[in-house]
Each structure stands twice: as C-alpha cells, then as structure tokens.
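*Asks:* Below you'll find the structure I mean.
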Amino acid sequence: MHKEKTITRFICLLITFSLVFGFLPFTGADAAKSPFSDVSEENYFYTEVSKMHEQGVVDGYGNGTFLPQNPVKHSEAIKLVCSMAGVDYAGYSGKTDPWYSDVVTWARDKGIMPSGTDPNSYATREEICKYITGVYKLNTGKTNTDAFSDTDSDVANTLYDYGIIEGIPNGDGTVSFGGAQNVKRCDTCIMLYRLSEKADKPDWTKAFALDRSHYAAPRPSSFKSYYDYADAWRYMLANVIFTDSFQVNMTCTRDELQKIMEDIQNSFYLAMFDYMEYYSFLNQWEVKANYGIDSGGRCVNPKFTLVLSNGFGIPNSDVLRQIDQFNTVCGQIVTRLYEQGKLKTNMSVKDKALVLYKYMAYNTKYDTNYRYYNGYDAAVRGTAVCQGYTAMYNYLCNLAGVPMRGMTGTAGGAGHAWSRIYYGGSWYNVDATWGDPIPDRQNYCDETWFWVTDSFLKSGSKPRTFDSDTLVYR
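The letter at position 323 of the sequence shown is residue 323 when you use our numbering, and the numbering goes up by one with no holes.
Structure (structure tokens):
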C-alpha cells in the first residue's frame, strides 16, 4: 500500500558540400593511411580530415567511420573551432553536463555564439564562418570584397580574402556562398585546417575570468537533516533541475513524516536566499512523499520528490530559454565592464559591487505596471520589479567574484526583495531597486541603499522585516 502527500508553497513578490563549396586545392602530401573507413585518398577532404585527426581535434565514431557528409551541430562547430584555435575553455562554466557547457558558455560570454542559439541544432555555413572569424578575431570590417552573388556577408568575404573559400560556381562566371545550407563535417575540417595554415592562433588570455564557482552546487550525498534538504534545493536551483527524488531508509509515524515534509518545504528559503537569480524564475516549490505502510500503520522508506516550477505558469521549456539568455547577457555585461576597465581584478569586493550597483541604476528601469519580475526581464527587457533587479544584480556580482546573496521581506508593509552580502564578519544590504529612482532618471544612482546594515533598514522611514528572522531551524 502506498500513500502520497503533497505540500505546495508559492511566493510572488512585487516586486561544404564537396569542393563545389569552393575550397582552394591543397598541395601538401597525403597521409599514408586513412584513420577512417569512409575517408580515402580520393576524397577532396582526405588530407584535412587526416591532419586534424592527427592533431587530436576531430575523431570518428565507434565503428571506425567519420561520416564526412553529416551536418555539424552548433555545439560541435564551436568546439571544433575553439579546439583548432587553441582556446582553453576547460572548466569555464563550472559544469560538466551537458558536455558542451564550458565551450558554449565561453562562446556566449564572448559574444561569438548568439544568445538563444540551440547547441543541439545544426549550424549553417554562414554560422560556422561567424564562429571562425569570431574565435580567430578576424577583422570582418576591413574587407571590400563582394565575391558572392547570393550574399554580401562580411564573414564569408573575409574568409574569401584569406583564401579559405572560393564559392559555388553558378555557370555564368559568378559564384554563390550558400550560407543557409548546413555545414558538413568534412567541410568544417577543410576550413579550419586551411585557416590554421594562414592565421595565427588568437590570444584569448585575459587578466580576468568570470567566476561561476557559486553555481557548482553538488547534489547532497545524504537526505536526513534540515541542511541536507536545503542543499538539495540549492542543487536544483543552481543547476535548474525541475524535479529530483531522494529515497530515505527509515520508518516513522505519519505525524513524523508530515513534520519532515514541512522541514523540507521550509528549508527552501535558505536555498532561495543563496540563489535569488534563479528563484526569480522558479518561484513555486512542491514536496511529495511516496511510502509503504507496515503492519503497525507506520510509513516505511519514504521517497521524497522535490519539484520546482514557475508560479506564473511559464512552461519549463520557456523557463530554460529565458535562463539561458539571462546567463548569456549577464556574462557579456560583466565581460564588457572588465574590458572597458570599469571593473578591475584588483578592486575590492565592495568597489566591484558598487560598479554593478550603478550599472543597474543606469541601465534598468522599474516596471511600474508590475508585469516583469524575473532576471530575464531585467537583463534582456531592461525592466522589472524588485525581484528581477535583485536576480540580475546578484548574478552580475557573483560572476565578478562578489559573493552576493538575497533577502525577501517587507518594506513599509509591502513585499520586497533585495541583495545581501556577508563581508568582513558582518552582513550588509544592497537594494539595487531603490538605487534606481522612479521616475527613471538617466545616469543617476541613489547610493543611499548601497552597503547598509540591517539596523539601518529596520529603523528607516519604511521599516523592513527580514524573512530570515521568521525561519524555524530544526
């Protein structure tokens, strides 16, 4: 016999193509033997595929084939380009799943792969050219070439200038690029190997690196205490996992089971404060328990299922899409601020936090219609309520190495969210929302609400309450 109990809590704050593609003929010596059963010396791509295999850049399939005519996914394309260019992206995202997390995150942060690109969709000829020119830092604005009859693409013309592609003959003396067609594995190898012979490897070494250590939250190895429960929620929020289950070998009464479920539910707040950026998307949480019943009516070996979702009805697929764009845009913002010298590696944590506080005030507008509330709205739309401000600010800070957390509560009786940091042995508060006046004033920032104590907020004209003060720890 099995029973199921459910507790739900919701908070909403106001808050290539054969040589027809036109690659120039290669004059180097062919390798003595093909590494793949479907690649022979008669193939126009033989040398390039063999050379890239020798260098460890490309590999085949388990049955010894290369499948040269297969299309290339975006994740595969950017990995091949970066590997050939010698880009060190290992560990960049702090995640190992999916396999392309590091290279795709790196490419998005550098503005090479557009936000919203599906890593598992196929790349076109135009897109692979963009990846190549982006990673190799080729100046596409200098070309005056107009080589193709079907496009004026700067990236295609730049690679034409480098002698990497010639085009597809039209029979009338002109050539086409065919940029909308999917690029093939063999043609990707030709382009990359030829370019490696003509262009130096780019220098991507930087004096800074985006810090994603906060988001490498592991799955807890046990599920027995209040803090284990909080760690489970942290793991799910940080990794955007909608559902996970934890089996516990135990026997308990139904009242004891109910108390455990309440603890699991309430422990979510600890995770929420740590990951306000993702809580803004996943603001509804649910706990279920499936268990057996012994002869004495006690619950046996319960399996607890934790569920996260969007409380405003946004489907999980759209949540993933919004989070993906939110992550990309915020990474680009922090990267750009470092490149502009507004953020520096030798800055103190407080100074970095202030730069980002001002950035929020200058570039975000409060949503007086109360429609936009998450990090995507703040970062991509440029408008949100307090929850969106806090989500975006916290993510920017953490990427810059500022360990910002969050808080919810009330301000003058109204629900509110803001940021919070433990620094030098004390807690300080940062309210990016209140730092941006209403109505919006260009290039103005109110620093009154930056780096203030708890007592300052609790005794102000709009006294605040902190939800952390009401939590009961067991």
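Quick reminder that beta carbons are idealized off the backbone N, C-alpha and C, glycines included.
Using 7 Å as the threshold, is the C-beta distance between Asn170 and Ser176 below it?
*Replies:* For Asn170 and Ser176, yes; Cβs fall inside 7 Å.
*Asks:* Buried or exposed: which applies to Thr8, given that a residue is buried once 16 or more other Cβ atoms fall within 10 Å of its Cβ?
*Replies:* Because Thr8 sits at a pLDDT of 48, beneath the cut-off of 50, its placement in the model cannot be relied upon, and the point is left open.
*Asks:* Beta-carbon separation of Phe66 and Phe36 under 7 Å?
*Replies:* Yes, the Cβ-Cβ distance between Phe66 and Phe36 is below 7 Å.
*Asks:* Could you give the distance in angstroms between the alpha-carbon of Tyr362 and the alpha-carbon of Ser455?
*Replies:* Approximately 28 Å, taken between the alpha carbons.
*Asks:* How is Ile165 classed by DSSP in three states: helix, strand or coil?
*Replies:* DSSP places Ile165 in coil when its eight states are reduced to three.
*Asks:* In the DSSP output, what is Lys73 paired with across the bridge?
*Replies:* Partner(s): Tyr122.
*Asks:* So if DSSP puts Phe450 in a beta bridge, which residue, or which two residues, is it bridged to?
*Replies:* DSSP lists no partner for Phe450.
*Asks:* Given a cut-off of 7 Å, decide if Ala432 and Val334 are closer than it, judged by their beta-carbon atoms.
*Replies:* No.
*Asks:* Within 10 Å of its beta-carbon, does Asp187 have 16 or more other beta-carbons around it, so buried, or fewer, so exposed?
*Replies:* Asp187 comes out buried.
*Asks:* For the candidate residues Cys189, Leu195, Asp109 and Tyr89, whose alpha-carbon lies nearest to that of Thr47?
*Replies:* Ranking the options by Cα distance to Thr47, first place goes to Cys189.
*Asks:* Mind listing, in chain order, the continuous alpha helix (DSSP H) runs of no fewer than 4 residues lying wholly within the stretch 124-197?
*Replies:* If we require 4 residues or more, the alpha helix (DSSP H) runs fully inside the stretch 124-197 come out as 125-135 and 154-161.
*Asks:* Taking the alpha carbon of Asp480 as the point to measure from, which residue in Glu447, Ala209, Met392 and Asn139 has its own alpha carbon closest?
*Replies:* Outside the displayed span of the chain (1 to 474) sits residue 480, for which this structure offers no information.
*Asks:* If we ignore side chains and look at the alpha-carbon of each, how far apart do Asp377 and Asp324 end up?
*Replies:* Taking the straight line from one Cα to the other gives about 13 Å.
*Asks:* By DSSP's criteria, Met407 is part of a beta bridge. Which residues make up the other side?
*Replies:* Looking at the DSSP assignment, Met407 forms a beta bridge with Trp418.
*Asks:* Give me whichever residues DSSP pairs with Tyr423 in a beta bridge.
*Replies:* Answer by DSSP bridge pairing, in chain order: Ser426.
*Asks:* Which residue marks the beginning of the alpha helix (DSSP H) containing Asp244, and which one marks its end?
*Replies:* Taken as a continuous stretch (DSSP letters only), Asp244 belongs to no alpha helix (DSSP H), being part of the beta strand (DSSP E) at Thr243 to Gln247.
*Asks:* Could you tell me the distance, in whole angstroms, from the CA atom of Val135 to the CA atom of Asp109?
*Replies:* Cα to Cα, Val135 sits roughly 12 Å from Asp109.
*Asks:* Let me confirm a value: Ala217 is counted as buried when at least 16 other C-beta atoms fall within 10 Å, else exposed. Which label applies?
*Replies:* Result: buried.
*Asks:* If we call anything under 7 Å between Cβ atoms a contact, is Val329 one with Leu343?
*Replies:* Contact flag unset, no.
*Asks:* Between Val72 and Arg185, which are expected to be in contact by the criterion C-beta below 8 Å, what is the C-beta distance as a whole number of angstroms?
*Replies:* So it is a contact: roughly 6 Å between Cβ atoms.
*Asks:* If contacts are defined as beta-carbon pairs under 8 Å, then Asp446 and Gly409 qualify, I think. What distance do you get, rounded to the angstrom?
*Replies:* Actually they are not in contact, since the Cβ atoms of Asp446 and Gly409 sit about 20 Å apart, beyond 8 Å.
*Asks:* Does DSSP put Glu286 in a helix, in a strand, or in coil?
*Replies:* Here Glu286 sits in strand by DSSP.
*Asks:* Using CA coordinates, which residue listed in Tyr444, Asn120, Arg219 and Lys259 is at the minimum distance from Ala271?
*Replies:* Ranking Tyr444, Asn120, Arg219 and Lys259 by Cα distance to Ala271 puts Arg219 first.
*Asks:* Tell me the rounded alpha-carbon separation between Ile112 and Ala353.
*Replies:* Each residue's alpha carbon lies about 27 Å from the other.
*Asks:* Decide if the stretch 295-306 is in contact with the stretch 222-242; the criterion is three or more beta carbon pairs, one per stretch, under 8 Å apart.
*Replies:* With the cut-off at 8 Å, the stretch 295-306 and the stretch 222-242 touch.
*Asks:* Which of the three DSSP states is assigned to Pro25 in this structure?
*Replies:* With a pLDDT of 39 at Pro25, under the threshold of 50, the predicted position of this residue should be treated as unreliable, though the coordinate-derived value follows. Note: Pro25 maps to coil in three-state DSSP.
*Asks:* Which one or two residues does DSSP pair with Ala217 in a beta bridge?
*Replies:* The partner list for Ala217 (beta bridge, DSSP) is empty, contrary to what the question assumes.
*Asks:* Mapping the DSSP letters down to three states, classify Cys445 as helix, strand or coil.
*Replies:* Note: Cys445 maps to coil in three-state DSSP.
*Asks:* For Asp155 and Tyr162, what's the separation of their Cα atoms in angstroms?
*Replies:* According to the sequence displayed, residue 155 carries Val and not Asp. Distance between the alpha carbons of Val155 and Tyr162: 11 Å.
*Asks:* What first and last residue would you give for the beta strand (DSSP E) that runs through Asn301?
*Replies:* Per DSSP, Asn301 belongs to the beta strand (DSSP E) from Cys299 to Ser309.
*Asks:* Which class does Ile293 belong to by DSSP, given the choice of helix, strand or coil?
*Replies:* In this structure, Ile293 counts as strand in the three-state DSSP scheme.
*Asks:* Taking Leu475 as the reference, which of Gln442, Thr453, Asn239 and Cys299 has the closest Cα?
*Replies:* Outside the shown range of the chain, which is 1 to 474, sits residue 475, and nothing can be said about it.
*Asks:* Here's the rule: buried if 16 or more other CB atoms are within 10 angstroms of the residue's CB, otherwise exposed. What is Trp106?
*Replies:* Buried, since its Cβ has 16 or more Cβ neighbours within 10 Å.
*Asks:* Measure from the alpha carbon of Glu126 to the alpha carbon of each residue in Asn249, Cys82 and Phe148, then state which is nearest.
*Replies:* Per the Cα distances, Phe148.
*Asks:* Do the CB positions of Arg420 and Arg405 come within less than 7 Å of each other?
*Replies:* Contact: yes.
*Asks:* Hey, how far is the Cα of Ser245 from the Cα of Asn394?
*Replies:* Taking the straight line joining both Cα atoms gives about 28 Å.
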